[in-house]
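What follows is a single structure, written as structure tokens, with notes after it.
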Amino acid sequence: MLENKMDQLNTCIQRIFEESEAKIVNFTCEDLAYKTPNFTTAGIFRLSGFASINHKQLPWSIILKIIKPDSAEKDNLQHHNYWRREALVFESKILEELPSSIKAAKCYLVEEQADGTVWLWMERIDGEYAYTKEQFNYIAEQLGRFNGTYLTGKKIPDEKWICKNWLKSWTTSSKIYAPNPAKYINQLHNDNERSIWTWFQDFTDQIDRSLRSLNSLPRVLAHQDLSQMNMLLTQSDTDGERLILIDWQFMSISGIGEDLGKMFGVNMSLGVFPNHRYEEYKESLFQNYMKGLKDTGWQGDESLARYGYCLGTALRSVWEVPQYFSLAAQLKTDPTTLKLQDRVSQLEQIINIQRNMATECIEMNIWAQFS
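The numbering of the sequence shown is the UniProt record's numbering, which starts it at 1 and goes up by one.
Spelled out as structure tokens, the structure:
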């Protein structure tokens, strides 16, 4: 795969070391084989080896990500998963102008291929994933500072390929790819399942109104894919602890609080947050997000941030409720599978959180103002 890529590799090495005479001595290529890649990701590889610089051999390592076209809707610049967006993000230099609360991995080279794919030659970040509540609180605070900077004077980028209605696009796609819950309705046997289905029908009946209301929230630049593996924490003597965000494929202009809703929701779904502490995480993340917002000087209405947070989380039910009914139906035919039992139980708890947050949105009465 890399036989004819020595010029590109040497270019990356020269940019890493800021030395025009740097040359690769040797390298290896490791397929990182992520379990849940994006539809538009063809592969992610770690390249590492030694380079010759001023008669010394120094170690280096980079990430090569290959992105590819997918279905026709992902050719639309405003699709939440527009396939070329990450390449355009790097070419635009937007990530070099981010607020100081976060950083992004550098991109050394964006390379178009004859087969239609695009290769992204990127910095490998030597950091760690967040695991503790304190680490996620720190991330939420930095996210608040990131979003808040755009609420207190920093110009939001306006490139035409930045998604402007991320959750609307995502919910539309989720309806296409999620299991059809109507197939399982005749199999509902307990009050909890019937209650979830009744709520879900009411919630989705109002979904267009909900999405319109998000458009009236104060606007910020958002990442929209804050899963554990896209957030790296680093330590240095000069900068102290820093938050590095990778994978900007979903970059959007979103409402205040939406990014935090994605962070909370997706890390519940992925099993990163412990089931018995969902409520605790829900509140501590928001408190720290608000701290970050206020640290930027933002003095707006806290309920607007709360609304974006709650609705952003609740809208994930469009994907997770159908998953729940599909798996619950499987559990009825295979009731002894522990892994299936655990996943159904987890989804029940997540959906209860989503229902409560949707109810909180209604009780704030912000719908009436915006829709």
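Virtual Cβ for every residue (Gly too), placed ideally from N, Cα, C.
Asked	Found
Taking the alpha carbon of residue 152 as the reference point, which residue from 180, 99, 177 has its own alpha carbon closest?	99
Could you please give the first and the last residue of the uninterrupted alpha helix (DSSP H) stretch that includes residue 319?	317-333
According to DSSP, is residue 113 helix, strand or coil?	coil
Can you look up residue 26 in the DSSP assignment and give me helix, strand or coil?	strand
Identify whether residue 31 lies in helix, strand or coil by the three-state DSSP scheme.	strand
Classify residue 72 as buried or exposed, calling it buried when 16 or more other Cβ atoms lie within 10 Å of its own Cβ.	exposed
Tell me which residues share the same chain as residue 28 and place their Cβ nearer than 8 Å to its Cβ, disregarding the 5 neighbours each side in the sequence.	47, 48, 49
When we look at the beta-carbon of residue 224 and count the other beta-carbons within 10 Å, is it buried (16 or more) or exposed?	buried
Just list the residues that DSSP pairs residue 140 with in beta bridges.	DSSP output for residue 140 lists no bridge partner at all.
List in chain order: all unbroken alpha helix (DSSP H) runs of 4+ residues lying wholly within the stretch 167-251.	191-205, 207-214
From the DSSP output, which residues share a beta bridge with residue 84?	Paired residues: none, contrary to the question.
Thinking C-beta only, is residue 17 closer than 8 Å to residue 184?	no
Give me whichever residues DSSP pairs with residue 57 in a beta bridge.	52
Under the rule that 16 or more other beta-carbon atoms within 10 Å means buried, what is residue 322, buried or exposed?	buried
When DSSP builds the beta bridges, which residues end up paired with residue 163?	252
Please classify residue 189 as buried or exposed, where buried requires at least 16 neighbouring CB atoms within 10 angstroms.	exposed
Between residue 123 and the rest of its own chain, which residues show a CB-CB distance below 6 Å, the 5 nearest in sequence each way excluded?	105, 106
Can you tell me whether residue 25 is buried or exposed, with buried defined as 16 or more other CB within 10 angstroms of its CB?	exposed
Which residues mark the beginning and the end of the alpha helix (DSSP H) in which residue 272 is found?	Segment: none, residue 272 is in no alpha helix (DSSP H) and carries neither H nor E.
Leaving out five residues before and five after residue 310 in sequence, what residues of the same chain have Cβ atoms less than 6 Å from its Cβ?	357, 360, 361
Given a cut-off of 8 Å on the beta-carbon distance, is the pair residue 67 and residue 117 in contact?	yes
Keeping to the same chain, check which residues put their C-beta closer than 8 Å to that of residue 297; ignore five residues upstream and five downstream.	148, 152
With residue 120 as the anchor, note down where its beta strand (DSSP E) starts and where it stops.	118-123
According to DSSP, simplified to helix, strand and coil, what is residue 18?	coil
Rounded to whole angstroms, how far is the Cβ of residue 217 from the Cβ of residue 285, which I believe are closer than 8 Å?	The Cβ separation is near 18 Å, so there is no contact.
Which residue's Cα is closest to the Cα of residue 110: 300, 8, 340, 317?	8
By Cβ distance, which residues of its chain are closer than 8 Å to residue 92, with the 5 residues on each side in sequence left out?	157, 159
Evaluate residue 85 with the Cβ neighbour count: other Cβ atoms within 10 Å of its Cβ, from every protein chain shown; 16 or more gives buried, anything less gives exposed.	buried
Please state the DSSP three-state secondary structure of residue 133.	helix
Please tell me whether residue 306 and residue 257 are closer than 8 Å, where the distance is taken between their beta carbons.	yes
Under 8 Å, do residue 119 and residue 32 count as touching if we go by C-beta distance?	no
In the DSSP assignment, what are the bridge partners of residue 285?	Paired residue(s): none; residue 285 is not in a bridge.
Count the other C-beta atoms from every protein chain shown that fall within 10 angstroms of the C-beta of residue 97, then say buried if there are 16 or more, exposed otherwise.	exposed
Alpha carbons only, please: which of 75, 60, 102 is nearest the one belonging to residue 40?	75
With H, G and I counted as helix, E and B as strand and the rest as coil, what does DSSP make of residue 375?	Outside the modelled stretch of the chain, which goes from 1 to 371, sits residue 375, for which no answer is possible.
Rounded to whole angstroms, what's the CA-CA distance from residue 5 to residue 240? Just pull it up for me.	36 Å
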